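Peer 1: Counting from 759, one number per residue, gives the positions in the sequence shown under our numbering.
Heads up, the beta-carbon is just placed ideally off N, CA and C, and yes, glycines get one too.
As the structure is a prediction and not an experimental result, all values here were calculated from the model.
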Amino acid sequence: MPTSSSARSRCTSGWRSRRSETRTKLGGGEETVTTYSYAPGWASRPVNSAAFKQPAGHANPAMPVEGNRFAARAGTVGQIVIPGDRLAGLGDERALPLSGRDLDTIASALNDGRAVRLSGGAVHVGADPANPQVGDLRISFETSAVEVVSAVGTIDGGRLGSFTTSNGVSIGMIEAGAKPAAAMFEAAQSANTALTWGLRLAGLAAMLIGFRMIFAIAGVIGDVLPFVGDVLRFATGFAALGLTAVAGFLTIGTAWIWYRPLLGWSIIAIGAGLAIAFFALGKRRARGAGRGKDATAAA
């Protein structure tokens, strides 16, 4: 059962600040009284007691131990060695059992004379786990292990690696559990497709924002006259949509032509149709806005 990673988490008992507000009415007015209280509590991150409203008497000691995650350098399944970076993230996280020797090692590393004992599945550093004091530590260790893995790649000298296809693409996959290769390829392809289309949509959105920012100056300049600015904003807004449709769908369609010509040309045709529709609608809206302003001015 190869270990994919191990983690060390820690909490320290220290002062925690709490803020409360009470509102009272005095002589018809309202007064807000803010009260700060302090009590010990566990925290997984250092609490800066210097920022307290009343730091005197509520100083928090420094954390002598930091939380960390350690990736396995390698793991072995049968006779095959799997690199640690390929194992990362596999398996379910579970508590790592500790022995008396482990407690001695922790006490030696801290070297501050405090008692180190197991309490509730974690290591407690301090006098009494049932009554923690400011500065006490609670340290826990977890490990992720996987019993069965399914991998796609090459085996070179008993070590799992990636293989390179004829077109230069490197392929290497590994998942926890027993899974057929066809299912792994299908899942990877689906994930890649979703990511690709997500990036394309993000690109279209960025392109639209860019065109709108470029054309925004036209509306500002047009504000010199009463209605020209609004007309230009209508026109340039739809022009930005049209340009985004043309440029975006042309780029996406061109990329597909080499691999899937029918799909590529279809995307280009859709982009062209959207551009024509947006330009026509923008022109119509701009004319309508102009007539509306003229009628308002005449009235």
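(1) Okay, do the stretch 1019-1031 and the stretch 995-1008 touch, 3+ Cβ pairs below 8 Å being the bar?
(2) I'd like the list of long-range same chain contacts for Ser1039, defined as Cβ closer than 7 Å, with 5 residues on each side in sequence excluded.
(3) What does the Cβ neighbour count give for Asp894, buried or exposed, with the cut at 16 atoms within 10 Å?
(4) Would you say Val946 and Met931 are within 8 Å of each other, going by their C-beta atoms?
(5) Assess, as a yes-or-no matter, whether the stretch 766-773 is touched by the stretch 798-811 under the definition of 3 or more beta carbon pairs within less than 8 Å.
(6) Excluding sequence positions up to five away, which residues of its chain have a Cβ less than 7 Å from the Cβ of Arg777?
(7) In angstroms, rounded to a whole number, what distance separates the CA positions of Gly1029 and Asp988?
(8) Give me, in chain order, the residues of the same chain whose beta-carbon lies closer than 7 Å to that of Gly935; leave out the 5 immediate sequence neighbours on both sides.
(9) Among all the DSSP beta bridges, which residues are the ones paired with Leu918?
(10) With the cut-off set at 8 Å, would you say Gly1000 and Phe1036 are in Cβ contact?
(11) Below 6 Å CB to CB, which residues in the same chain sit around Thr912 once its five sequence neighbours on both sides are set aside?
(12) Can you tell me whether Phe943 is buried or exposed, with buried defined as 16 or more other CB within 10 angstroms of its CB?
(13) Is the number of C-beta pairs between the stretch 835-852 and the stretch 896-905 that are closer than 8 Å three or more?
(14) With distance defined between alpha-carbon atoms, name the residue in Ile1034, Ala809, Gly1031 and Arg991 nearest to Arg970.
(15) Report back the beta-carbon spacing between Ala832 and Gly842 to the nearest angstrom; my notes put them in contact at under 8 Å.
(16) If contacts are defined as beta-carbon pairs under 8 Å, then Ile897 and Val823 qualify, I think. What distance do you get, rounded to the angstrom?
(17) Does the Cβ-Cβ distance between Leu856 and Arg875 come in under 8 Å?
(18) Where does Ala993 land, buried or exposed, given buried means 16+ other C-beta within 10 angstroms?
(19) Given a threshold of 16 other Cβ atoms within 10 Å of its Cβ, counted over all protein chains shown, does Ala1033 qualify as buried or as exposed?
(20) On the DSSP bridge list, what partners appear for Met931?
(21) Taking Ala853 as the reference, give the member of Ala880, Asp870 and Gly884 with the closest Cα.
(22) Going by DSSP in three states, Leu999 sits in which element: helix, strand or coil?
(23) Based on Cα-Cα distance, which residue from Thr1002, His882 and Gly1031 lies nearest to Ile967?
(24) With DSSP as the reference, label Phe1037 as helix, strand or coil.
(25) Only counting the same chain, and skipping five residues up and downstream in sequence, which positions put a Cβ closer than 7 Å to that of Phe973?
(26) Would Ala952 and Val910 qualify as a contact pair, given that the criterion is a beta-carbon distance under 8 Å?
(27) If you drop the 5 nearest sequence neighbours on each side, which residues of the same chain put their C-beta closer than 8 Å to that of Val892?
(28) At what residues does the beta strand (DSSP E) containing Ser877 begin and finish?
(29) From Glu779 to Ser877, what distance separates their C-alpha atoms?
Peer 2: Looking at the atomic coordinates:
(1) The stretch 1019-1031 is in contact with the stretch 995-1008.
(2) Indexing the sequence shown from 1 puts residue 1039 at position 281. The sequence shown places Leu at residue 1039, rather than the Ser named in the question. Phe996.
(3) In the sequence shown, residue 894 corresponds to position 136, counting from 1. Asp894 is buried by the Cβ-count criterion.
(4) Taking the sequence shown and counting its residues from 1, the one referred to as residue 946 is at position 188. Taking the sequence shown and counting its residues from 1, the one referred to as residue 931 is at position 173. In the sequence as displayed, the identity of residue 946 is Ala instead of Val. Yes; because the gap between Cβ atoms is below 8 Å, this pair is in contact.
(5) yes
(6) The count along the sequence shown starts at 1 and reaches residue 777 at position 19. If we look at Arg777 and ignore the five residues flanking it on each side, its Cβ neighbours are Thr792 and Tyr794.
(7) Indexing the sequence shown from 1 puts residue 1029 at position 271. Indexing the sequence shown from 1 puts residue 988 at position 230. Approximately 27 Å, taken between the alpha carbons.
(8) Numbered from 1 along the sequence shown, position 177 holds the residue referred to as residue 935. Contacts found: Val906 and Ser908.
(9) Position 160 of the sequence shown holds residue 918. For Leu918, which the question treats as bridged, DSSP gives the partners Ile913.
(10) As a first step, residue 1000 must be located in the sequence shown, where it is residue number 242. As a first step, residue 1036 must be located in the sequence shown, where it is residue number 278. A distance below 8 Å separates the beta carbons of Gly1000 and Phe1036.
(11) Position 154 of the sequence shown holds residue 912. Within the same chain, Thr912 has close Cβ partners Gly919 and Phe921.
(12) For the purposes of this step, residue 943 is taken as residue 185 along the sequence shown, with counting starting at 1. Counting of Cβ neighbours within 10 angstroms places Phe943 among the exposed residues, the total staying below 16.
(13) yes
(14) As a first step, residue 970 must be located in the sequence shown, where it is residue number 212. When each option's Cα is compared against that of Arg970, the closest is Arg991.
(15) For the purposes of this step, residue 832 is identified with residue 74 of the sequence shown, where counting begins at 1. For the purposes of this step, residue 842 is identified with residue 84 of the sequence shown, where counting begins at 1. That pair is a contact at about 5 Å.
(16) Translated into the one-based positions of the sequence shown, residue 897 becomes position 139. Translated into the one-based positions of the sequence shown, residue 823 becomes position 65. The pair is a contact, with the Cβ atoms about 6 Å apart (cut-off 8 Å).
(17) The residue given as residue 856 occupies position 98 in the sequence shown. The residue given as residue 875 occupies position 117 in the sequence shown. Contact flag unset, no.
(18) Taking the first residue of the sequence shown as position 1, residue 993 is located at position 235. Buried.
(19) What you label residue 1033 is simply residue 275 of the sequence shown in a count that begins at 1. Buried, by the Cβ-count rule.
(20) For this step, residue 931 is matched to residue 173 along the sequence shown. DSSP output for Met931 lists Val910 as bridge partner(s).
(21) Your numbering for residue 853 matches position 95 in the sequence shown. For Ala853, the closest C-alpha among the options Ala880, Asp870 and Gly884 is that of Ala880.
(22) By one-based count along the sequence shown, residue 999 stands at place 241. When secondary structure is reduced to three states using DSSP, Leu999 falls in the helix class.
(23) Taking the first residue of the sequence shown as 1, we reach residue 967 at position 209. Minimum Cα distance to Ile967 is reached at Thr1002.
(24) Locating residue 1037 in the sequence shown gives position 279, where the first residue counts as 1. The answer is helix: DSSP assigns Phe1037 an H, G or I state.
(25) Walking along the sequence shown from the start, residue 973 turns up at place 215. If we look at Phe973 and ignore the five residues flanking it on each side, its Cβ neighbours are Thr994, Ala997 and Ala998.
(26) Counting from 1 along the sequence shown, the entry for residue 952 is found at position 194. Counting from 1 along the sequence shown, the entry for residue 910 is found at position 152. Going by C-beta atoms, Ala952 is not nearer than 8 Å to Val910.
(27) The residue labelled residue 892 in the question sits at position 134 within the sequence shown. Once the five neighbours on either side are set aside, the close Cβ partners of Val892 are Ser771, Gly772, Trp773, Pro798, Asn818 and Pro819.
(28) Position 119 of the sequence shown, counted from the start, is the residue given in the question as residue 877. From DSSP, the beta strand (DSSP E) with Ser877 extends over Val874 to Ser877.
(29) Reading the sequence shown from its first residue, position 21 is the one you call residue 779. Reading the sequence shown from its first residue, position 119 is the one you call residue 877. Their backbone Cα atoms lie some 37 Å apart in a straight line.
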